[in-house]
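Protein chains: 2
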Amino acid sequence: MTEVNIKYLAAKLKLSPSTVSRALNDSYEISQPTKDRVIAMAKELNYQPNPFARSLREQKSKTIAVIIPERINNFFSQVIDGIEEITQEYGYHLLVYSTHENVETERKIVSYLLNGRVDAIVMSVSSQTKKIDHLETVYSKGVPLIFFDRICQEIPTTKFISNDYENGFKATVHLIEKGCKKIFFLMLSKEISIGRERLRGYQDALKKYGLPYEENWIVQCSQSEEANIKLIAKILYGLDRPDGILASVEKLAIATYYAARETKLEMAKDFKMVSFSNMKIAGLLKPSLTTISQPAFEIGSEMAKLLMKKLTKPNQPAFENKVIQMPSQIDFRESSN
Amino acid sequence: MTEVNIKYLAAKLKLSPSTVSRALNDSYEISQPTKDRVIAMAKELNYQPNPFARSLREQKSKTIAVIIPERINNFFSQVIDGIEEITQEYGYHLLVYSTHENVETERKIVSYLLNGRVDAIVMSVSSQTKKIDHLETVYSKGVPLIFFDRICQEIPTTKFISNDYENGFKATVHLIEKGCKKIFFLMLSKEISIGRERLRGYQDALKKYGLPYEENWIVQCSQSEEANIKLIAKILYGLDRPDGILASVEKLAIATYYAARETKLEMAKDFKMVSFSNMKIAGLLKPSLTTISQPAFEIGSEMAKLLMKKLTKPNQPAFENKVIQMPSQIDFRESSN
DNA sequence: AATTTTGATGCAAACGATTTCGGGCCAAAG
DNA sequence: CTTTGGCCCGAAATCGTTTGCATCAAAATT
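Residue numbers (my numbering), protein chains in the order written: chain A, 1 to 337; chain B, 1001 to 1337.
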């Protein structure tokens, strides 16, 4: 298929393969006239270097793996757009995997990547991830690793999140100021870091305002959209029903819309809601949704910048063990008014 | 980094590398006891074959490129989910690229993939793609190629779309039956195939019902969200304003919501709208949106099945030059009622 | 004039896997 | 007793690049 390789070029030019290679890589050892000849011929024959031969030799792939829990989610799409924006400039490629919030899938994907297929991994862990030995393996193998959003605190590397604690706090205060007394907190799973931080903010806000709260106001939802709707509907039907809801992830806010519709309760009037979400059309919903949205694109591009620095410059140290917070934005809309 | 390779295994086992390779590939030439020993040792040392060495030798990468015009779009996300569902079973990897509707980016991406980096390409062309020599190059190089949604008719390969003509027709008829007399058609670009088919359906429906239509009812929008909103708002303000709108892509429907808001017109009452869209929450908008949604996941998985058949079985013929239509679904909601 | 330096290029060995070829060995068949 | 053929295995070539080292002429130095 790809007939034209370095050897072929060399034969055509009556040079040795090594000279051709060096000329193409602009080595100082090659004279300008020769370089020009080689480059001209390469262009003419439309020579494209074989990436595998190069990767094999150089022990690097110019490829980065991005692992996300789900694809149908604006936040993750925006993050990947941000990553791509930077990596494309450097000629890096992106292998994208979705775990579908499944740990087993996550483990399998990660295991595929331990053999040098990628130069680095950027990931957001699944909501079911509890045991983290597979992530420790990645780290111990020396594969550069960055976490974002759903981070894994135990691995000593750089992590990117937004100011979740602060926003959990602010959102809760906002609901309190709007008169809510019984604010429920919807979360996907206790495992995920992000949920925990947002929860802390929520709890501290209640505490600060001297509001009591019950253990069962913290609602653990599942992966099943239907089950979540049922669960939330049941809560909205309940005697002890909330007058405020803080949804820690977008999909639970959506489920709440459907649950409200089922129970014939009117959001904003019968109960108020704020959600963490990067949905673009939050303003078009009925009622429009008050959101806390993360700087997704920037998180992606910042991660990529860090990666490119490490991968393209010599003698770079390992990623520092630190958490970088990027500020979220709150947009107040009808659902909490 | 990755110390454990075939040579190392061979040394450990006091066998030759070739025997180890054969044992791992379950060759008939190797005795069962030897195979067992090798496999046990490989597992113990957690041997992972080097993908580049293998790709170099075998001239295949077990990687597929997916090129889409934008990431922040449920349709494309679902298609990729569908592709991944199948390819993951076969151990294939997905390189995902977004062109951001930019032809130049598309050309660049495509050129990266001509050197054997991927075993096949699945793509939806950008709305700006007019000249198609870069796609012809892909085809002539023999890289298996499948188009979907935004297809390129000129390349003789298999394409997947939904029944766009039919649905353009049906949607228009629906609007007519709801009493619309002046139905405008919003499209991104004349270049994209998908828009043209939908447009044909629209035109034929008008013709069938004996409704007149003006050339300027077909509105060419751009990539800029703001510009589109302004343009649509201007149309809604106009003397000759529509009482019905058919949006050929989701983002134009969204723009119409904002335009309506700006002009203080009430969708559904002052004008009706139907849109092609795979948005999950169309039902939660205000007013809820009547949509024609494509079987995105199935389109993805069907494409992947075809690909896997070609790539994993010997002596498979090239993809047939045909268009496969998968039926869309219309969901009637408030916006057209 | 003899030697060293420099500049430009070629040779050959990697990188890690697969595979062709061929070599023993042993049992069954001629 | 020779031949055939299956079975098990190893040596070495191969895929396309990059790179340490060798080469070799011309220029510079002593």
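For every residue, glycine included, the Cβ atom is placed at its ideal position computed from N, Cα and C.
Beta-carbon proximity of residue i to residue j, cut-off 8 Å
i	j	result
B/I1121	B/I1067	yes
B/I1083	B/A1304	yes
B/F1169	B/A1205	yes
A/M308	A/T157	no
B/I954	B/F1319	The requested residue 954 of chain B does not occur in the structure, where chain B is confined to residues 1001 to 1337.
B/M1041	B/K1014	no
A/L186	A/I245	yes
A/A53	B/L1056	yes
B/L1114	A/L94	no
B/V1143	B/I1299	no
A/E191	A/T129	yes
A/S127	A/F148	no
A/M267	A/S335	yes
B/I1030	B/R1022	yes
B/K1286	A/K286	yes
Span separating the alpha-carbon of residue i from that of residue j
i	j	result
B/N1349	B/P1242	For chain B, the structure presents residues 1001 to 1337; residue 1349 of chain B sits outside this window and is missing.
A/N25	A/E44	17 Å
B/F1338	A/A282	Outside the shown range of chain B (1001 to 1337) lies residue 1338 of chain B, about which nothing can therefore be said.
B/Y1202	B/I1151	19 Å
B/M1001	A/N216	Low confidence applies here, because B/M1001 scores a pLDDT of 44, under 50, leaving its location unreliable and the question unanswered by this model.
B/S1098	A/D164	29 Å
A/D270	A/G179	12 Å
B/Q1048	A/Y209	56 Å
A/C221	A/Y213	19 Å
B/L1188	B/E1250	10 Å
A/E106	A/Q223	15 Å
B/E1154	B/N1315	25 Å
A/E351	A/I324	Because chain A in this structure spans residues 1 to 337, residue 351 of chain A falls outside the shown range and cannot be described.
A/Y139	B/H1134	40 Å
B/I1064	B/T1137	17 Å
B/F954	B/I1132	Chain B is shown only over 1001 to 1337; residue 954 of chain B falls outside these bounds and no answer can be derived.
A/K141	B/P1033	31 Å
A/I235	A/A171	21 Å
A/L346	A/L175	Only positions 1 to 337 of chain A appear in this structure, which leaves residue 346 of chain A out of reach.
A/Y8	A/H100	46 Å
A/E3	A/D81	35 Å
A/K159	A/V173	27 Å
B/N1102	B/K1035	52 Å
A/N74	B/N1074	9 Å
B/R1333	B/E1058	53 Å
A/R117	B/K1060	14 Å
B/Y1112	A/E85	16 Å
B/Y960	A/E177	A question about residue 960 of chain B goes unanswered here, because the residues of chain B that appear run from 1001 up to 1337.
A/E166	B/E1104	42 Å
B/P1017	B/P1317	35 Å
B/K1313	B/L1306	11 Å
A/A247	B/A1010	56 Å
Cβ-Cβ separation, residue j to residue i (assumed contact under 8 Å), whole Å
i	j	result
A/N5	A/N50	7 Å
A/T290	A/M273	7 Å
A/L284	B/Y1090	The Cβ separation is near 40 Å, so there is no contact.
A/I292	A/A255	Not a contact, Cβ separation roughly 17 Å.
B/K1062	B/Y1092	5 Å
A/D119	A/L239	About 56 Å; that fails the 8 Å criterion.
Contact test: residue i Cβ vs the ligand NAD heavy atom, cutoff 7 Å
i	result
A/K62	Annotation note on the ligand NAD: not contained in the displayed structure, which lists no ligands.
*Check whether the segment 1188 to 1197 of chain B touches the segment 1260 to 1269 of chain B, counting contact only when three or more Cβ pairs, one atom from each stretch, lie closer than 8 Å.*
no
*What runs of the beta strand (DSSP E), each 3 residues or longer, lie entirely inside the segment 187 to 229 of chain A?*
218 to 220
*Scan the segment 3 to 34 of chain A and note each continuous alpha helix (DSSP H) run of 4 residues or more that stays entirely inside, going in chain order.*
6 to 13 and 17 to 24
*Segments of 4+ residues assigned as alpha helix (DSSP H) that fall wholly inside the segment 1224 to 1286 of chain B*: 1225 to 1237 and 1250 to 1263
*Complete runs of the beta strand (DSSP E) confined to the segment 1085 to 1147 of chain B [at least 3 residues]*: 1093 to 1098 and 1120 to 1123
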